[in-house]
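Taking it in order: structure first as structure tokens, then the write-up.
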Amino acid sequence: MSNQEDIEYELWEEMKLYELSRLHEELLSSEEMRRFAAAQQLRLRGDNRTFEYVVSLSKAQDASYREVAAFILGQLGTPNRPFRKQSIPILSDLLRYDPIPQVRAGAAAALGHLSALESFEYLNDASKDKDADVRANVAFAFGAIKGEKVIEPLIRLTHDDDSEVASWAVLGLSILDVDSAVVRDRLMELLNDPREEIRDDAIDGLSRWKTL
Numbered sequence: 020m021s022n023q024e025d026i027e028y029e030l031w032e033e034m035k036l037y038e039l040s041r042l043h044e045e046l047l048s049s050e051e052m053r054r055f056a057a058a059q060q061l062r063l064r065g066d067n068r069t070f071e072y073v074v075s076l077s078k079a080q081d082a083s084y085r086e087v088a089a090f091i092l093g094q095l096g097t098p099n100r101p102f103r104k105q106s107i108p109i110l111s112d113l114l115r116y117d118p119i120p121q122v123r124a125g126a127a128a129a130l131g132h133l134s135a136l137e138s139f140e141y142l143n144d145a146s147k148d149k150d151a152d153v154r155a156n157v158a159f160a161f162g163a164i165k166g167e168k169v170i171e172p173l174i175r176l177t178h179d180d181d182s183e184v185a186s187w188a189v190l191g192l193s194i195l196d197v198d199s200a201v202v203r204d205r206l207m208e209l210l211n212d213p214r215e216e217i218r219d220d221a222i223d224g225l226s227r228w229k230t231l
């Protein structure tokens, strides 16, 4: 493991011993690594108290707290996600109105983790966000939601100038659970993309569709 991975593993092992109240406190840490290590624990161990606390953080003035709140709301109670219904409106508002790109990006990813088809229109609007990280996470979210409704915005995002955005969009097209000639045609077109990573993604996508 790299030094970074060693530190993250040690934090994970350390925080496994923390009570929920201590993990809640760690979400306020000035160190991003500690905030998200605590968030990783809480997504598995958090309860109603955690949900209420994280909702309060989603309204905090400090954007780093709103960002970690979005992360937790998208995964709290993994794998059953019992707070899904209550979390989607909160995350949708963060995606629509938060002035900080990192928060909007976190909200988009969280809606993807919740497969929030209910927020399709908001995600579609956010697919045109000026921030590339937001657009990339929207592409991830569409890939998680799947279905015919996400085909058009995913295809549009494959045209994005940012390679990470386009790559996530290609992946989203690759894992759709629908049969679509439009998707296959777009993946074929991407074999001529000037970016090597996008061409590789398109090849992988076509192999999933069993067309190569």
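Using the numbering used here, the first residue of the sequence shown is number 20, and each one after it goes up by one. The beta carbon of each residue, even a glycine, is placed where N, CA and C say it ideally should be. Just so we're clear, the structure is a prediction, and the values are computed from it rather than from any experiment.
For residue i, the three-state DSSP class (helix, strand or coil)
| i | result |
| --- | --- |
| Ile91 | helix |
| Asp220 | helix |
| Asn168 | In the sequence on display, residue 168 carries Lys and not Asn. Reduced to three states, the DSSP call for Lys168 is helix. |
| Ala128 | helix |
| Thr97 | coil |
| Lys35 | coil |
| Asp150 | coil |
| Arg214 | coil |
| Ile119 | coil |
| Val197 | coil |
| Thr69 | helix |
| Gln239 | Given that the chain is displayed from residue 20 to residue 231, the structure contains no residue 239 and the question cannot be resolved. |
| His43 | helix |
| Phe102 | coil |
| Leu30 | helix |
| Ala145 | helix |
| Trp228 | coil |
| Ser75 | helix |
Rounded straight-line distance, which links the Cα of residue j to that of residue i
| i | j | result |
| --- | --- | --- |
| Leu133 | Glu50 | 27 Å |
| Gly125 | Val87 | 8 Å |
| Leu206 | Asn156 | 20 Å |
| Ser83 | Ala200 | 42 Å |
| Asn22 | Met52 | 13 Å |
| Leu92 | Asp179 | 28 Å |
| Leu114 | Val74 | 15 Å |
| Gly96 | Gly131 | 15 Å |
| Glu71 | Thr177 | 38 Å |
| Val202 | Ile164 | 16 Å |
| Arg214 | Leu76 | 40 Å |
| Ala274 | Asp25 | Lying before the first or after the last residue shown, residue 274 is absent from the chain, which here runs from 20 to 231. |
| Met34 | Phe90 | 17 Å |
| Ile11 | Glu216 | Since the displayed the chain opens at 20 and closes at 231, residue 11 lies outside it and no answer follows. |
| Asp196 | Gly224 | 13 Å |
| Leu110 | Ala158 | 16 Å |
| Leu61 | Asp148 | 30 Å |
Cβ neighbour criterion (16 or more within 10 Å) applied to residue i
| i | result |
| --- | --- |
| Trp31 | exposed |
| Gln80 | exposed |
| Leu36 | exposed |
| Pro172 | buried |
| Ser226 | exposed |
| Ile107 | buried |
| Leu210 | exposed |
| Gly166 | exposed |
| Trp45 | It is worth fixing the name first, because residue 45 is Glu in this sequence and not Trp. Buried: at least 16 other Cβ atoms inside 10 Å. |
| Asp220 | buried |
| Asp117 | buried |
| Ile170 | buried |
| Leu231 | Only weak support exists for where Leu231 lies, its pLDDT of 43 falling under 50; the value from the coordinates is given anyway. The residue is exposed, with fewer than 16 neighbouring Cβ atoms inside 10 Å. |
Proximity to residue i [Cα-Cα], best of the options
| i | options | result |
| --- | --- | --- |
| Tyr28 | Glu38, Ala135, Arg68 and Phe55 | Phe55 |
| Gly65 | Arg85, Leu47, Leu39 and Val74 | Leu39 |
| Ser146 | Ala188, Val122 and Gly224 | Ala188 |
| Arg154 | Ala58, Ser182, Lys168 and Ala89 | Ser182 |
| Asp150 | Ile194, Glu208, Val122 and Asp198 | Val122 |
| message | Count Cβ pairs between the stretch 141–154 and the stretch 90–106 that sit closer than 8 Å; are there 3 or more? | response | Short answer: they don't touch.
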